[in-house]
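Everything below concerns the one structure shown next.
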Amino acid sequence: QNADDQHWLYNGLDCCITREIFDAISPMATAGARKTYEMSKALQAPALEMSMRGILVDRTARTKVMAEMRRKLAILEDQLNTIIRDGVGVDLNWRSPTQLNKLFYDIMQMPVQKKRNAHGVYAPTTDRGALENLSNYYLAEPICNHILALRDLAKSLGFLETEIDSDGRMRTSFNIAGTNTFRFASSATDFGTGTNLQNVNSALRSVFVADPGMKLANLDLEQADSRNVGALCWNRFASIDEKYAG
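Residue numbers (this note's numbering): 6 to 251.
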């Protein structure tokens with residue numbers, strides 16, 4: 006079989022098997038699950054439109070923001086190296102988990118923070134949660150705070166360095182059923198450009214601009230989450246009160 010035949014066979018099986026699975030599980034769907042499914046289907050066109058359209062990037066603003074972040078990164082790195090060299094007497098690559106484990110748990114004798122690793126084994130870690138816990142200790146606090154700030158800056162810089170398409174737009178591939186909470190998930194496109202465009206912090210939004218004749222807006226319902234929780238609690242406890250009152 007040539008490559009084209011293999012692709013046709015793969016796509017054919019993908020469609021047929023998906024249909025067989027659908028026919029088997031569809032009768033099991035509750036009314037609520039059926040509504041969620043229908044809503045997800047209705048979202049396919051808008052999600053595809055957003056994925057294909059992308060958002061325009063101001064290259065000049067992007068370059069300026071990246072330069073400023075690199076400047077801040079260099080300052081923080083220099084400060085961290087000074088703190089560790091003068092305070093602990095070692096040199097450190099803050100990007101290395103192995104070196105961080107050695108610094109905090111072997112040299113500084115901090116309480117070991119553990120987390121289940123990819124092999125399912127609890128092992129020493131210096132992830133964000135661990136550093137936040139260690140920052141409660143006086144000697145570790147300045148080191149932890151610097152590393153957390155450096156990681157945030159490096160993450161933001163990596164986002165800005167993401168390859169954009171030739172038309173100056175950044176695109177993402179939206180996944181309608183990508184989370185357990187019914188929110189969209191997003192990732193790089195099938196062409197390897199773009200990235201997750203959700204939860205872009207305010208420091209990075211200045212690089213995105215509206216298309217000519219259009220405007221960007223930020224819409225957010227005031228206290229929406231709190232009000233929803235309050236309504237759920239009211240409905241639940243009101244029914245309990247009625248039950249016992251009766």
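Beta carbons: idealized from backbone N, C-alpha and C, even for Gly.
Notebook entry, point to check: Taking the continuous beta strand (DSSP E) assigned at serine 178, which residues delimit it?
Noted result: 178-180
Next item on the list: Within its chain, find whatever has a CB closer than 6 Å to the CB of leucine 202; leave out the 5 residues flanking it on each side and keep chain order.
Entry: Thr177, Ser191
Checklist line | Simplified DSSP assignment, three categories, for proline 217 | finding: coil
Next item on the list: Just tell me which of Glu146, Leu221, Ala208 has its CA closest to the CA of valine 70.
Entry: Ala208
Next item on the list: Give me the Cβ distance between phenylalanine 164 and threonine 200, rounded to the nearest whole Å; I'm assuming they're in contact under 8 Å.
Entry: 6 Å
Notebook entry, point to check: Quick one: Cα of phenylalanine 196 to Cα of methionine 175, how far?
Noted result: 12 Å
Check: Start and end of the alpha helix (DSSP H) containing alanine 29?
Finding: 8-30
Check: CB isoleucine 89 to CB isoleucine 26, shorter than 8 Å?
Finding: no
Margin query: With the cut-off set at 8 Å, would you say tyrosine 110 and lysine 120 are in Cβ contact?
Written below: no
Checklist line | Rounded Cβ spacing between histidine 300 and leucine 81 (contact assumed at less than 8 Å) | finding: Because residue 300 is not part of the residues shown, which for the chain are 6 to 251, the question remains open.
Margin query: Short of 7 Å in beta carbon distance, which residues of its chain neighbour arginine 64, apart from the five on each side in sequence? Order them along the chain.
Written below: Gly173
Check: For proline 217, which of Ile60, Phe179, Ile181 has the nearest alpha-carbon?
Finding: Ile60
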